[in-house]
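Asks: There's a structure below that I have some questions on.
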Amino acid sequence: MSMPTFHLAPDLLVPRLCFGTMTMGEQSGPPESLRLLDAAFAAGVNFFDSAEMYPVPQRRETQGRSEELLGRWLRARRVPRDSVVVATKVAGPSGQMTWIRNGPLSLDSQNIAEAIDSSLRRLGVDYIDLYQIHWPDRYVPMFGETEYDPSHQINLLAYSPMAMGILSGKYYSDDGGPPDARMNLFRGRYSEGESRYNLQNPKLKAAVKEYTKIGSKHGISPAILAVAFVLRHPLVASAVFGAAKISQLTEVLQATRVHLSEEIIAEINEVHARYPNPCP
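For the sequence shown, numbering that gives the first Met the number 0 assigns the number 0 to the initial residue and increments by one for each residue that follows.
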């Protein structure tokens with residue numbers, strides 16, 4: 000199946016959707032992870048994102064499994080290396096995750112080189128197409144000194160377009176969503192996600208309810224609405240999404256074929272004006 004593409008950089012053409020592996024090895028076990036990768040690839044998604052710290056919730060016992068599962072899939076399916084775009088990330092200083100290089104104190108050349116070598120080994124590849132800093136070294140005094148220059152033609156890889164699944168509306172359904180949904184399954188174990196995406200935040204709940212109404216009015220599922228909205232931004236080359244079920248994957252794939260009218264965009268902007276940035 001064909002998938003629309005966009006230049007992330009002048010010499011890097013990627014599909015509009017990137018399949019994220021953040022939950023593989025924790026929420027999704029090996030068999031389901033391989034099935035999801037099969038389905039994504041068959042649908043034309045040949046862009047895969049991982050990180051040395053994955054899966055989440057992060058813990059010593061599982062660190063690196065997401066990369067390992069992606070590498071296992073590449074080998075088991077004998078996927079030609081030049082037919083996929085592999086992205087992964089280096090963890091920066093956090094004061095946590097001491098099991099990763101004893102808790103790196105900086106993003107220096109030694110830490111980055113060690114992280115790359117370990118990721119290459121877990122992935123079972125000899126090069127990485129896109130290597131990213133997972134979060135910045137906040138102790139380097141460069142805040143506010145970067146500028147975006149469109150002439151370089153470096154576009155954006157957007158992450159979490161559905162806000163960890165919250166914009167699907169499932170957590171505000173009458174039953175609170177499926178018990179195996181991430182925010183339910185890992186409740187109390189994923190402090191980073193729960194603090195940012197606080198389901199008890201009335202502003203968040205109100206915003207999600209309004210966005211869900213917009214989708215219902217126009218016959219678009221909330222998840223598709225969220226992803227399609229991100230993809231329409233002129234700087235966005237691709238959006239990283241995750242799925243724990245084939246049905247979720249199939250739904251999100253439709254976002255590349257959805258056109259959001261000016262009426263829909265105006266309604267979304269009106270909700271945003273009333274409930275700005277509910278997950279800062």
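For each residue, glycine too, the CB sits at the ideal point set by N, CA and C.
Which of helix, strand or coil does DSSP assign to Y158?
Replies: Walking along the sequence shown from the start, residue 158 turns up at place 159. If DSSP states are grouped into helix, strand and coil, Y158 belongs with the strands.
Asks: I'd like the list of long-range same chain contacts for M96, defined as Cβ closer than 7 Å, with 5 residues on each side in sequence excluded.
Replies: If you number the sequence shown from 1, residue 96 lands on position 97. M52, Q57, A90 and G102.
Asks: Report the CB separation of A162 from Y196 in whole angstroms; it is logged as a contact under 8 Å.
Replies: Here residue 162 is taken as the residue at index 163 of the sequence shown, counted from 1. Here residue 196 is taken as the residue at index 197 of the sequence shown, counted from 1. Contact flag correct, Cβ pair sits at about 6 Å.
Asks: When you compare the CB positions of M222 and Q199, do they come within less than 9 Å of one another, or not?
Replies: For the purposes of this step, residue 222 is identified with residue 223 of the sequence shown, where counting begins at 1. For the purposes of this step, residue 199 is identified with residue 200 of the sequence shown, where counting begins at 1. Position check: residue 222 holds Ala in this sequence, whereas Met was assumed. Cβ atoms of A222 and Q199: not closer than 9 Å.
Asks: What does the alpha-carbon distance come out to for the pair Y170 and S220?
Replies: Residue numbering aside, residue 170 sits at position 171 when the sequence shown is read from its first letter. Residue numbering aside, residue 220 sits at position 221 when the sequence shown is read from its first letter. Distance between the alpha carbons of Y170 and S220 is about 14 Å.
Asks: Taking T211 as the reference, give the member of V229, G175, I267 and H133 with the closest Cα.
Replies: On the sequence shown, residue 211 is found 212 positions in, with the first residue counted as 1. For the residues V229, G175, I267 and H133, the minimum Cα distance to T211 belongs to I267.
Asks: Are A254 and L230 closer than 9 Å when you measure CB to CB?
Replies: Within the sequence shown, residue 254 is the residue found at index 255, counting from 1. Within the sequence shown, residue 230 is the residue found at index 231, counting from 1. Yes, these two residues count as a Cβ contact at 9 Å.
Asks: So for L36, helix, strand or coil by DSSP?
Replies: Sequence index remark: in the sequence shown, residue 36 carries index 37 (1-based). The answer is helix: DSSP assigns L36 an H, G or I state.
Asks: On a CA-only basis, which of K202, A227, A236 and I263 is nearest I213? Give me that one, please.
Replies: Position 214 of the sequence shown, counting from 1, holds the residue named residue 213. Cα-wise, what sits closest to I213 is I263.
Asks: Whole angstroms is fine: what's the gap from A50's alpha carbon to E209's?
Replies: Residue 50 sits at position 51 when you count from the first residue of the sequence shown. Residue 209 sits at position 210 when you count from the first residue of the sequence shown. Cα to Cα, A50 sits roughly 33 Å from E209.
Asks: Quick test of your reading: C17 and S215, contact by CB under 8 Å. State the CB separation rounded to the nearest angstrom.
Replies: Locating residue 17 in the sequence shown gives position 18, where the first residue counts as 1. Locating residue 215 in the sequence shown gives position 216, where the first residue counts as 1. Contact flag wrong, Cβ pair sits at about 28 Å.
Asks: Let's test the definition: count the other Cβ atoms within 10 Å of the Cβ of E290 and tell me whether it reaches 16, buried, or not, exposed.
Replies: In the structure as shown, the chain starts at 0 and stops at 279, and residue 290 therefore has no counterpart that could be examined.
Asks: Compare the Cα-Cα distances from P279 to each of H258, G241, S93 and G192 and report the closest residue.
Replies: If you number the sequence shown from 1, residue 279 lands on position 280. Measuring from the Cα of P279, the nearest candidate turns out to be G192.
Asks: Thinking C-alpha only, which one of M23, T87 and R181 is nearest T61?
Replies: Within the sequence shown, residue 61 is the residue found at index 62, counting from 1. Per the Cα distances, M23.
Asks: Any heavy atom of the ligand SAM inside 8 Å of the beta-carbon of P177?
Replies: The ligand SAM is not among the ligands present in this structure, which contains no ligands whatsoever.
Asks: Does the region 63-81 come into contact with the region 23-41, if we say contact requires no fewer than three beta-carbon pairs (one atom in each stretch) closer than 8 Å?
Replies: Short answer: they touch.
Asks: Cα separation between L203 and R188?
Replies: Translated into positions along the sequence shown, residue 203 becomes position 204. Translated into positions along the sequence shown, residue 188 becomes position 189. Taking the straight line joining both Cα atoms gives about 21 Å.
Asks: Terminal residues of the continuous beta strand (DSSP E) containing S237?
Replies: Reading the sequence shown from its first residue, position 238 is the one you call residue 237. Looking at the DSSP string, the run of the beta strand (DSSP E) that includes S237 is V235 to F240.
Asks: Which one of N276, M141, H217 and R100 has the shortest CA to CA distance from A206?
Replies: Position 207 of the sequence shown, counted from the first residue, corresponds to residue 206. When only C-alpha atoms are compared, the closest one is N276.
Asks: Can you give the Cα-Cα distance for F5 and F228, rounded to whole angstroms?
Replies: Residue numbering aside, residue 5 sits at position 6 when the sequence shown is read from its first letter. Residue numbering aside, residue 228 sits at position 229 when the sequence shown is read from its first letter. Spanning the two alpha carbons is a distance of roughly 16 Å.
Asks: Quick one: Cα of L184 to Cα of H151, how far?
Replies: Stepping through the sequence shown from its first residue, residue 184 is reached at position 185. Stepping through the sequence shown from its first residue, residue 151 is reached at position 152. Those two C-alpha atoms are separated by around 42 Å.
Asks: For H258, which three-state DSSP category applies?
Replies: As a first step, residue 258 is located in the sequence shown; it is residue number 259 there, counting from the start. Coil.
Asks: Using a 10 Å radius around the Cβ and a threshold of 16 neighbouring Cβ atoms, would you call V139 buried or exposed?
Replies: By one-based count along the sequence shown, residue 139 stands at place 140. The residue is exposed, with fewer than 16 neighbouring Cβ atoms inside 10 Å.
Asks: Nearest to R71 by CA position, among E113, E269, E144 and T20, is which residue?
Replies: In the sequence shown, counting from the first residue as 1, residue 71 sits at position 72. When each option's Cα is compared against that of R71, the closest is T20.
Asks: Hey, would you say A243 sits closer than 9 Å to R181, going by beta carbons?
Replies: Sequence index remark: in the sequence shown, residue 243 carries index 244 (1-based). Sequence index remark: in the sequence shown, residue 181 carries index 182 (1-based). Yes, the Cβ-Cβ distance between A243 and R181 is below 9 Å.
Asks: Checking the sheet assignment: what are the DSSP bridge partners for H6?
Replies: Locating residue 6 in the sequence shown gives position 7, where the first residue counts as 1. Paired residues: L12.
Asks: Taking the C-alpha atoms as reference points, what is the distance between I245 and R74?
Replies: Residue mapping note: residue 245 aligns to position 246 of the sequence shown, counting from 1. Residue mapping note: residue 74 aligns to position 75 of the sequence shown, counting from 1. Rounded to the nearest angstrom, the two C-alpha atoms are 21 Å apart.
Asks: Between which residues of its own chain and L104 is the CB-CB distance below 7 Å, once the five residues before and five after are set aside?
Replies: Indexing the sequence shown from 1 puts residue 104 at position 105. Answer for L104: P92, listed in chain order.
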